[in-house]
Amino acid sequence: MRRVLVLALLAVFAGLGVAVRGTRAQEPAAKTKAAKQARWEGYVVRDNPATSTLDVRRKNVEKRIHYGDSTKWTQGTKSIDKGEFKQNSRVICLGNYDEKGEFQASRIDLRLPK
58 MRRVLVLALL AVFAGLGVAV RGTRAQEPAA KTKAAKQARW EGYVVRDNPA
108 TSTLDVRRKN VEKRIHYGDS TKWTQGTKSI DKGEFKQNSR VICLGNYDEK
158 GEFQASRIDL RLPK
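Its first residue numbered 58, the sequence shown is counted upward by one per residue in our numbering.
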């Protein structure tokens, strides 16, 4: 009698495991790592318009942010001119990493200093 009960429970758990795997396979592609939007925030150290890059430092880590014609320059919800982004401005950069591992900004937001 115990063997039958143990075998029945094993069959139920095996069936649940297969069902869980099936639902995970149907999750939307937006949750994949490649589709996740990257974020970097800090203070502008330097702007190089010739190469279309901003160097942004957070604590003691500096990251080069690439921008282009499609990059949106904002302050909160309103669009502003890129000229308002100066050295030591606090910014939040949103974008994605390209195949070379470079941060390509889709939006750069100017923030008030802390």
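We put the beta carbon where it would ideally sit given N, CA and C, even for glycine. Fair warning: this is a prediction, and the values are worked out from it, not measured in the lab.
I'd like the list of long-range same chain contacts for residue i, defined as Cβ closer than 6 Å, with 5 residues on each side in sequence excluded.
| i | result |
| --- | --- |
| tryptophan 130 | Ile137, Lys139, Ile165 |
| threonine 110 | Arg121, His123 |
| glutamine 144 | Val101 |
Measuring straight from C-alpha to C-alpha, what distance separates residue i and residue j?
| i | j | result |
| --- | --- | --- |
| serine 163 | serine 127 | 7 Å |
| methionine 58 | tyrosine 154 | 59 Å |
| glutamate 119 | valine 113 | 6 Å |
| glycine 125 | leucine 169 | 23 Å |
| glycine 150 | arginine 115 | Inspection of the sequence shows that residue 150 is occupied by cysteine rather than by glycine. One C-alpha to the other measures close to 12 Å. |
| glutamate 156 | alanine 71 | 40 Å |
Since residue i contacts residue j with CB under 8 Å, what's their CB separation in whole angstroms?
| i | j | result |
| --- | --- | --- |
| phenylalanine 160 | alanine 95 | 6 Å |
So, is residue i buried or exposed, given that buried needs 16 or more other C-beta atoms within 10 angstroms?
| i | result |
| --- | --- |
| glycine 99 | buried |
| valine 61 | exposed |
| glycine 158 | exposed |
For the beta strand (DSSP E) holding residue i, just list the boundary residues, first then last.
| i | result |
| --- | --- |
| tyrosine 100 | 95-105 |
| lysine 116 | First-last for lysine 116: undefined, no H or E at that position. |
Quick one: what's got a C-beta closer than 8 Å to residue i's C-beta in the same chain, skipping five residues either side?
| i | result |
| --- | --- |
| leucine 167 | Trp130, Thr131, Gln132, Ile137, Glu141, Phe142, Ser146, Arg147, Val148 |
| tryptophan 223 | It is not possible to answer for residue 223, since the shown part of the chain is limited to 58 through 171. |
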